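Protein chains: 2
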Amino acid sequence: MPIVTIQTVADYARVSRATVSRVLNNNPKVDSEIRERVLQAVEILGYQPNRVARRLRTQSRDVIGVIISDIQNPHFTSIIRGIEDVAYVRQMNIVLCNSDEDSSKLQTYLRVMQAESVAGLIVVPTHADQEREALQSIQRNGIPIILLDREIEGFEVDSVQVDHRHGAYEAVAHLIRLGRRRIGIIYNDFSTGWQRYQGYIDALNEAHIPIDRTLVKTSDHKRESSYDRTRELMALPVPPDALFTAFNLVTLGALHVLHELGARVPQDVALVGFDDMPWADELFSPLTAVAQPTYELGQTAARLLLRRLNTPDAPFQNEILPTQLIVRQSCGSAL
Amino acid sequence: MPIVTIQTVADYARVSRATVSRVLNNNPKVDSEIRERVLQAVEILGYQPNRVARRLRTQSRDVIGVIISDIQNPHFTSIIRGIEDVAYVRQMNIVLCNSDEDSSKLQTYLRVMQAESVAGLIVVPTHADQEREALQSIQRNGIPIILLDREIEGFEVDSVQVDHRHGAYEAVAHLIRLGRRRIGIIYNDFSTGWQRYQGYIDALNEAHIPIDRTLVKTSDHKRESSYDRTRELMALPVPPDALFTAFNLVTLGALHVLHELGARVPQDVALVGFDDMPWADELFSPLTAVAQPTYELGQTAARLLLRRLNTPDAPFQNEILPTQLIVRQSCGSAL
DNA sequence: CTGAAAGCGCTTACAG
DNA sequence: CTGAAAGCGCTTACAG
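Chains X and B are the protein sequences, given in the same order.
37 is the number that the working numbering gives to position 37 of the first sequence; each next residue is one higher, with no gaps.
1023 is the number that the working numbering gives to position 23 of the second sequence; each next residue is one higher, with no gaps.
Here you go:
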């Protein structure tokens, strides 16, 4: 294990460590001949400046911490890609952690990130109440935080999310326009789910359709749960003629039930899901879905972070990105 | 930005930095009264030891570098989850990079990882020939490497992969057993694709079915490419009566074509895919697939790395994990 | 233009 | 049991 440090290079090039450092940092006032000698030494020795040492010395921060809640969910996967792409051009690295919707795991990671002196944090909170304080304290310590996807009430930060409420409204309005009246909904109790539920209400209200509580279900993030909720809905004396599934895993669970039941989609029950999926077209009923600009969510989060690092005192910014309803066949009509 | 360092704590507790450090590192020979005082100071000041400094000083390595080729592919996503889970219990962090199947990007990341003094690297190579040297040089510098999913000829390392050849053999043998004879294949030219192709050959040979070159197609990692290849296969004077699609993106492309063509699956053409997908059951034809133990792949890679770190001189280990054929309806029979 | 020296925040022999 | 001192690999005022 040949440890080549800046000293090795300095010795080889017969200069001081300071000079080597200057050359590597493109300090202009280095004699061109010496510069050459150093560069050659670097080349020959295959020297890689130690980033850990550099980071400690310059107190520079070139790592972005990212904490998401479910790395197996394509939604987040695409977000990460967006973050990574903007980080790459800025020569920043990302340390990725998966909280697994577990608040204590998230808080552990928060501590780690702080100890790693990350430049800033992009985080998808899981349980606002338990995490608010830890997050705020990190922010107070000068590490900027960008909230992604979910909000935390009473916590002033930069954030990006999608217009959940309007997206959901469009989805449900689409169903209503196609003549559906008994529209079941399955959502989760994160802030996103709640907002999507509001959009559902908006659409029903607009059409003067009374809210039937028996058609409203909440589910956790497990697919089994949405499976059960869908079963319950379909077992109603008068089952729904349409379903609005408020996130991708729920949609999968619901589809499974409909398939099992031999329900015809959309004839017996129409279906719109929140979250588009790359394979939406290949599903047994090509899925009409509210597509989120996931890649842009990631990009925007990263950009907000970069901006905050440049101008720490800028007012907080809350970006809301639009969704897009992609009409396929699961509701019965292109519109 | 209140910077609380070990000195702050030492002052507060009226001891030396050395003592604070000892307390934090659970050094037993610290007076219990003093220990208490330090612990209290730590608590009150909210002190987080700076990991960057610690890492530099102890030359400790507690970061695992992971370079995968496509973070949006569920295959890798599940692998990452496996890695992360074993890293978490060891209190190690992972730095994740996405090479995007781009060899120069991968090499950039390799340099970064080295400069970050990672404990070791888990990497999915993309173009063996271009990366062999860089990888070997890192290994020579004492940073262990675990190759994941794909091999590099003539490079001795620890590695994990799945039994691609046998998995493919089983898939194709399944088709043959169901009476299919004109079996098309679409694979890619990574080492994995090549091995899967061998499995296809094995099954045909065993059944004494001659290889028809017109039924053999290669595709890159883009879905469009597999779309085109499937179109070509289906446009043959005598189209195939079965398709073996050798990785998940290809399967999606093929399904799309079959859907467009109105082909009945499995009546007109049976389909087996390599790679299972969480939504395989909800596809328009529930997919019979060769499932890879992706989570275990990740776990195994991480464990191999940990083992190598413990015993640097152990002989190299090449783990081959078994696949499992999951029979659904796309081939026409549960068998 | 170049080098000696200080210091980033830790840890750990070495004395005592 | 505790502290003073050295040092991990860098960078950067400060002299010259």
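Ideal Cβ placement from N, Cα and C applies to all residues, glycine included.
Everything numeric in this text was worked out from a predicted model, so none of it was measured.
In terms of residues, what are the limits of the beta strand (DSSP E) holding B:VAL1015?
Along the second sequence, one-based indexing puts residue 1015 of chain B at 15. Bounds of any beta strand (DSSP E) do not take in B:VAL1015, whose DSSP letter is neither H nor E.
Please compile the residues from chain B whose C-beta is within a distance smaller than 8 Å of the C-beta of X:ASP281.
Within the first sequence, numbered from 1, the residue matching residue 281 of chain X stands at position 281. In chain order: HIS1256, HIS1259.
For X:SER16 and X:SER117, what's the separation of their Cα atoms in angstroms?
As a first step, residue 16 of chain X must be located in the first sequence, where it is residue number 16. As a first step, residue 117 of chain X must be located in the first sequence, where it is residue number 117. For X:SER16 and X:SER117, the gap between their C-alpha atoms comes out near 29 Å.
Quick one: what does DSSP say X:GLN195 is sitting in, helix, strand or coil?
Residue 195 of chain X sits at position 195 when you count from the first residue of the first sequence. X:GLN195: helix per DSSP, three-state reduction.
Please list the residues of the segment 50-65 of chain X that have a C-beta atom closer than 7 Å to any C-beta atom in chain B, keeping them in chain order.
Within the segment 50-65 of chain X, the qualifying residues are ASN50, ARG51, VAL52, ALA53, ARG55, LEU56.
How is the alpha helix (DSSP H) around B:ALA1242 delimited, first residue to last?
For the purposes of this step, residue 1242 of chain B is taken as the residue at position 242 of the second sequence. Following the DSSP letters along the chain, one finds B:ALA1242 in no alpha helix (DSSP H) but inside the beta strand (DSSP E) bounded by residues 1242-1245.
If you check the beta carbons only, do B:LEU1096 and B:ILE1122 fall under 7 Å apart?
The residue you call residue 1096 of chain B lines up with position 96 of the second sequence. The residue you call residue 1122 of chain B lines up with position 122 of the second sequence. In this structure, B:ILE1122 does not lie closer than 7 Å to B:LEU1096 by Cβ.
According to the Cβ coordinates, are X:LEU255 and X:GLY184 closer than 7 Å?
Walking along the first sequence from the start, residue 255 of chain X turns up at place 255. Walking along the first sequence from the start, residue 184 of chain X turns up at place 184. X:LEU255 is not a Cβ neighbour of X:GLY184, given a cutoff of 7 Å.
Given a cut-off of 7 Å on the beta-carbon distance, is the pair B:VAL1290 and B:PHE1274 in contact?
Here residue 1290 of chain B refers to the residue found at position 290 of the second sequence. Here residue 1274 of chain B refers to the residue found at position 274 of the second sequence. Contact: yes.
Tell me, please, whether the segment 195-209 of chain X touches the segment 171-184 of chain X by the rule of three or more beta-carbon pairs shorter than 8 Å.
These segments touch.
According to the Cβ coordinates, are X:THR323 and X:GLN299 closer than 7 Å?
If you number the first sequence from 1, residue 323 of chain X lands on position 323. If you number the first sequence from 1, residue 299 of chain X lands on position 299. Result no, Cβ atoms of X:THR323 and X:GLN299 do not sit closer than 7 Å.
Is it buried or exposed, X:HIS164, if we count other Cβ atoms within 10 angstroms and call 16 or more buried?
As a working mapping, residue 164 of chain X is identified with position 164 in the first sequence. Burial of X:HIS164 is indicated by the presence of at least 16 other C-beta atoms within 10 angstroms of its C-beta.
Could you check how far apart the C-beta atoms of X:ASP158 and X:ARG55 are, in whole angstroms? I think they sit under 8 Å.
What you label residue 158 of chain X is simply residue 158 of the first sequence in a count that begins at 1. What you label residue 55 of chain X is simply residue 55 of the first sequence in a count that begins at 1. About 24 Å separates the beta carbons of X:ASP158 and X:ARG55, which is beyond the 8 Å limit, so they are not a contact pair.
Can you give me the C-alpha to C-alpha distance between X:LEU45 and X:PHE247, rounded to a whole angstrom?
The sequence position of residue 45 of chain X within the first sequence is 45, counting from 1. The sequence position of residue 247 of chain X within the first sequence is 247, counting from 1. Distance from the CA atom of X:LEU45 to the CA atom of X:PHE247, rounded to whole angstroms, is 53 Å.
Judging by CA-CA distance, which residue of B:ARG1181, B:ARG1090, B:SER1078 is the nearest neighbour of B:GLU1206?
The residue labelled residue 1206 of chain B in the question sits at position 206 within the second sequence. Ranking the options by Cα distance to B:GLU1206, first place goes to B:ARG1181.
If we count the other Cβ atoms within 10 Å of its Cβ and call it buried at 16 or more, is B:SER1032 buried or exposed?
Your numbering for residue 1032 of chain B matches position 32 in the second sequence. The residue in question, B:SER1032, is exposed, as its Cβ has fewer than 16 Cβ neighbours within 10 Å.
Where does X:GLU319 fall in DSSP's three states?
Along the first sequence, read from residue 1 onward, the residue named residue 319 of chain X stands at position 319. Strand at X:GLU319.
Would you tell me roughly how many angstroms separate the C-alpha atoms of B:GLN1317 and B:GLN1136, rounded to the nearest one?
In the second sequence, residue 1317 of chain B corresponds to position 317, counting from 1. In the second sequence, residue 1136 of chain B corresponds to position 136, counting from 1. The straight-line gap from Cα to Cα measures roughly 16 Å.
Nearest-angstrom Cα distance between X:LEU352 and B:ASN1098?
Outside the shown range of chain X (1 to 335) lies residue 352 of chain X, about which nothing can therefore be said.
So, helix, strand or coil for X:SER333, using DSSP?
On the first sequence, residue 333 of chain X is found 333 positions in, with the first residue counted as 1. In the structure shown, X:SER333 sits in coil (DSSP, three-state: anything other than H, G, I, E or B).
Using only CA atoms, which one of X:PRO315, X:ALA13, X:ALA302, X:LEU325 lies nearest to X:MET92?
As a first step, residue 92 of chain X must be located in the first sequence, where it is residue number 92. Nearest neighbour of X:MET92 by Cα position, chosen from X:PRO315, X:ALA13, X:ALA302, X:LEU325, turns out to be X:ALA302.
Start-end ranges of the alpha helix (DSSP H) lying completely within the segment 1122-1173 of chain B, minimum 4 residues:
Counting whole runs of 4 or more residues, the segment 1122-1173 of chain B contains the alpha helix (DSSP H) stretches 1128-1140.
To the nearest angstrom, report how far apart X:SER330 and B:LEU1306 are at their CA atoms.
Position 330 of the first sequence, counted from the start, is the residue given in the question as residue 330 of chain X. Position 306 of the second sequence, counted from the start, is the residue given in the question as residue 1306 of chain B. One C-alpha to the other measures close to 48 Å.
Minimum Cβ-Cβ distance from X:ASN98 to chain B less than 7 Å:
As a first step, residue 98 of chain X must be located in the first sequence, where it is residue number 98. Cβ-Cβ to chain B under 7 Å: yes for X:ASN98.
In the structure shown, what three-state DSSP assignment does X:THR5 receive?
Residue mapping note: residue 5 of chain X aligns to position 5 of the first sequence, counting from 1. X:THR5 falls in the coil class under three-state DSSP.
Measuring only the C-alpha atoms, how far is X:GLU232 from B:TRP1279?
In the first sequence, the residue the question calls residue 232 of chain X occupies position 232. In the second sequence, the residue the question calls residue 1279 of chain B occupies position 279. In a straight line, the C-alpha of X:GLU232 is about 21 Å away from that of B:TRP1279.
Rounded C-alpha distance that separates X:GLU296 from X:ILE79:
Residue numbering aside, residue 296 of chain X sits at position 296 when the first sequence is read from its first letter. Residue numbering aside, residue 79 of chain X sits at position 79 when the first sequence is read from its first letter. If you take the alpha carbons of X:GLU296 and X:ILE79, they lie about 7 Å apart.
Can you give me the C-alpha to C-alpha distance between X:LEU287 and X:ASP281, rounded to a whole angstrom?
Position 287 of the first sequence, counted from the first residue, corresponds to residue 287 of chain X. Position 281 of the first sequence, counted from the first residue, corresponds to residue 281 of chain X. Taking the straight line from one Cα to the other gives about 6 Å.
Since X:LEU39 is in the alpha helix (DSSP H), which residue starts that stretch and which ends it?
Within the first sequence, numbered from 1, the residue matching residue 39 of chain X stands at position 39. Residues 32-45.
Report the partner residues of X:GLY184 according to the DSSP bridge assignment.
Looking up residue 184 of chain X in the first sequence gives position 184. Looking at the DSSP assignment, X:GLY184 forms a beta bridge with X:LEU243.
Just the C-alpha distance for B:SER1333 and B:LEU1178, rounded to the nearest angstrom, thanks.
As a first step, residue 1333 of chain B is located in the second sequence; it is residue number 333 there, counting from the start. As a first step, residue 1178 of chain B is located in the second sequence; it is residue number 178 there, counting from the start. One C-alpha to the other measures close to 7 Å.
Find the residues of chain X that neighbour B:VAL1095, judging by a C-beta separation of less than 9 Å, and give them in chain order.
One-based indexing of the second sequence puts residue 1095 of chain B at position 95. VAL63, ASN93, ILE94, VAL95, LEU96, listed in chain order.
What is the C-beta distance between B:ASP1129 and B:GLU1101, in whole angstroms, given that I count them as a contact (C-beta under 8 Å)?
Along the second sequence, read from residue 1 onward, the residue named residue 1129 of chain B stands at position 129. Along the second sequence, read from residue 1 onward, the residue named residue 1101 of chain B stands at position 101. Actually they do not touch by this definition, with Cβ atoms about 14 Å apart.
Report yes if the C-beta distance between B:ALA1119 and B:ILE1064 is below 7 Å; otherwise report no.
In the second sequence, counting from the first residue as 1, residue 1119 of chain B sits at position 119. In the second sequence, counting from the first residue as 1, residue 1064 of chain B sits at position 64. Yes, the Cβ-Cβ distance between B:ALA1119 and B:ILE1064 is below 7 Å.
Could you tell me the alpha carbon to alpha carbon distance between X:PRO28 and X:ARG35, rounded to whole angstroms?
Residue mapping note: residue 28 of chain X aligns to position 28 of the first sequence, counting from 1. Residue mapping note: residue 35 of chain X aligns to position 35 of the first sequence, counting from 1. Distance between the alpha carbons of X:PRO28 and X:ARG35 is about 10 Å.
By Cβ distance below 8 Å, which residues in the same chain neighbour X:GLY154 in space, the five residues on each side in sequence not counted?
By 1-based counting over the first sequence, the position of residue 154 of chain X is 154. The answer, listed in chain order, is ARG132.
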